Structure formats: structure tokens, C-alpha cells
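Participant: No gaps in the numbering here: position 39 of the sequence shown is 38 in numbering that gives the first Met the number 0, and each next residue is one more. In this text, a Cβ means the ideal position worked out from N, Cα and C, and glycines have one as well. Model, not experiment: these values are computed from the prediction.
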Amino acid sequence: MLESALLAVVVFGASFIVLLGLERLIHRWTFNPDRSYRWGVWLFSVLFAAYAFAMSLGR
0 MLESALLAVV
10 VFGASFIVLL
20 GLERLIHRWT
30 FNPDRSYRWG
40 VWLFSVLFAA
50 YAFAMSLGR
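#1: Taking 9 Å as the cut-off, decide whether the C-beta atoms of Ser14 and Phe52 are in contact.
#2: Tell me which residue opens and which closes the alpha helix (DSSP H) that Gly20 is part of.
#3: Rounded to whole angstroms, what's the CA-CA distance from His26 to Arg37? Just pull it up for me.
#4: If you count every other CB in all the chains shown that lies within 10 Å of the CB of Ala49, and 16 or more means buried, which is it?
#5: Can you give me the C-alpha to C-alpha distance between Asn31 and Glu2, rounded to a whole angstrom?
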């Protein structure tokens, strides 16, 4: 169970960094600083971490 939790933390961190970089790239492409998709970065990072946790529990 500890390995599953550690994997979830690692997946959360990696996906958060990647998605945050993608979100900033979208800001530069659209030239619209008013729109923020940071809530999506948090949401998908948590979903990826929960999926990784659930899939590694049975191992």
C-alpha cells in the first residue's frame, strides 16, 4: 500500500509539472492572460494520481 501511495505522489508531481508547462504554453500561443486553465491542471493531476493508485493496489 505504501508503494501505491508513493507511486500516486510521483504520478501527481510529474503530471502536474507537464500539464502546467502545457498550460503556460497555451497562454503564450493564445495571448490571452485572462483565461486560466490551472483548475484543469489540478483536476487531471489528481485524476491521474488516483488512477495510478487504484491500478497499483492489486500488485
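Facilitator: With the given structure in hand:
#1: no
#2: 1-29
#3: 11 Å
#4: exposed
#5: 41 Å
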